[in-house]
Amino acid sequence: MEDFTHYTVMKNEAVSFFDFSKDALFVDATLGGGGHSEEILKRMTPNSHLISFDIDDDAINYSKERLKDYKNLTIVKSSYTNVKKVVHELGYEKITGGILFDLGASYHQLTKQERGFSFTKEAPLDMRFNKDAEFSAYDVVNAYSEQDLAKIFFEYGEERYSRKIAKRIVEKRAKNPIKTTVELANIIKYSIPFSKSKIHPATRVFQAIRIEVNNELKNIKITLNNLFDLLDTNAIISVISFHSLEDRIVKETFKTYSKSCRCELSEPICKCGGPLLSLLNKKPIEASEEEIIENLPSRSAKLRVAKYIK
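Residues in the sequence shown are numbered consecutively from 0, following numbering that gives the first Met the number 0.
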């Protein structure tokens, strides 16, 4: 089996709201190293089925080997944005058990040198979850306008020096294309004032570029808003996010669809049909102290769970 470093964040908490007592269809929208999928497979009935999605070949190859003894599993190389299409193609009408999202990049992606996610390891500017995709971090860094760079650094990275960094990148690439992670990290480092912060100055910009390359925020927003007609009554949506931008989208989406009425205030009569979701945790669930000690990145994870009630 290929070396694949993986830690399953909130493995038990993420699936604890699912009802495993009856035959059902479950979906793991983000397979990764297969930890959540395996937990679902262990708990569900023999006649239940799990469909697991990923676009990363490394994750798929690793998880296929890890989960090879489970028969009621279908692993699909596809984005979770295609969940409705794939579920129907596989002959299912509804997700009757629930769907789990574990958002963001995996530890394997962030630390595998040649994937180009890390600013501490020399590698080509890549950052693609799907290695078959043509668009990469190189294209963002070398083709986006100064204005567009500043915008994504600010919106997706919450970088206060976004304009200064964008200006320096455009100046540097005018002489020669920016090709590597370390080269970009150094440009960022020398674009902003010195800080004693333990956070590397390139952290927020690299996050922003990764989100842009993989359409992460757009994908989760669109998918959550278009998921409801695929869910059976009492199906669970369980979402783990790792930064405030993701969590904000999940929180706002769940809040909107759990309202007693979603109609415009100008509407004299309610036409929306009432709430679609029931929130199962008002505040996000966070990793335990024990888990954080074992896996430090777990400290930023937030789990929100809702039930489809229509």
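Beta carbons are placed, not taken as given, at the ideal position from N, Cα and C, and that holds for glycine.
Burial state of residue i (16 or more Cβ within 10 Å)
{"i": "H35", "result": "buried"}
{"i": "H107", "result": "Confidence is the limiting factor: at H107 the pLDDT is only 49, short of 50, which leaves the residue's position unreliable, though a coordinate-based value still follows. Counting Cβ neighbours within 10 Å, H107 comes out buried, since at least 16 surround it."}
{"i": "L124", "result": "buried"}
{"i": "E92", "result": "exposed"}
{"i": "P192", "result": "exposed"}
{"i": "I198", "result": "exposed"}
{"i": "I221", "result": "exposed"}
{"i": "G90", "result": "exposed"}
{"i": "A122", "result": "buried"}
Given residue i as reference, the closest of the options once Cα atoms are compared
{"i": "P45", "options": "R303, L24, V82", "result": "L24"}
{"i": "K150", "options": "E182, R172, I210", "result": "I210"}
{"i": "L278", "options": "E263, V249, E290", "result": "V249"}
{"i": "I235", "options": "I39, S297, A173", "result": "I39"}
{"i": "N71", "options": "A207, L49, F153, R42", "result": "L49"}
{"i": "F128", "options": "A201, R261, N213", "result": "N213"}
{"i": "S161", "options": "S259, S190, L226", "result": "S190"}
{"i": "F241", "options": "P267, I268, Y155", "result": "Y155"}
{"i": "R203", "options": "K217, L183, I219, Y69", "result": "L183"}
{"i": "E257", "options": "S297, S265, K309", "result": "The displayed chain sequence assigns Ser, not Glu, to residue 257. Taking only the C-alpha atoms, the option nearest S257 is K309."}
Beta-carbon gap between residue i and residue j smaller than 8 Å
{"i": "T137", "j": "L230", "result": "Checking the displayed sequence, the identity of residue 137 turns out to be Tyr instead of Thr. Their beta carbons are not under 8 Å apart, which means Y137 does not touch L230 by this criterion."}
{"i": "S47", "j": "G97", "result": "no"}
{"i": "G31", "j": "R65", "result": "no"}
{"i": "I208", "j": "V139", "result": "yes"}
{"i": "D57", "j": "K76", "result": "no"}
{"i": "A286", "j": "V26", "result": "no"}
{"i": "I164", "j": "I177", "result": "no"}
{"i": "E245", "j": "I268", "result": "no"}
{"i": "M43", "j": "F19", "result": "yes"}
{"i": "N225", "j": "Y6", "result": "no"}
8 Å contact criterion, which residue i and residue j should meet: CB distance rounded
{"i": "I94", "j": "V86", "result": "7 Å"}
{"i": "K63", "j": "I74", "result": "6 Å"}
{"i": "V82", "j": "A28", "result": "6 Å"}
{"i": "I186", "j": "L102", "result": "Contact flag wrong, Cβ pair sits at about 28 Å."}
{"i": "L302", "j": "I291", "result": "Not quite, the Cβ-Cβ distance comes to about 14 Å (not below 8 Å), so this is no contact."}
{"i": "S117", "j": "T180", "result": "6 Å"}
{"i": "L216", "j": "T252", "result": "Contact doesn't hold; Cβ gap of about 12 Å is too wide."}
- Message: With three or more C-beta pairs closer than 8 Å as the rule, is the region 270-277 touching the region 2-17?
- Response: Look at the beta carbons and you see the region 2-17 not touching the region 270-277: under three pairs across the two are nearer than 8 Å.
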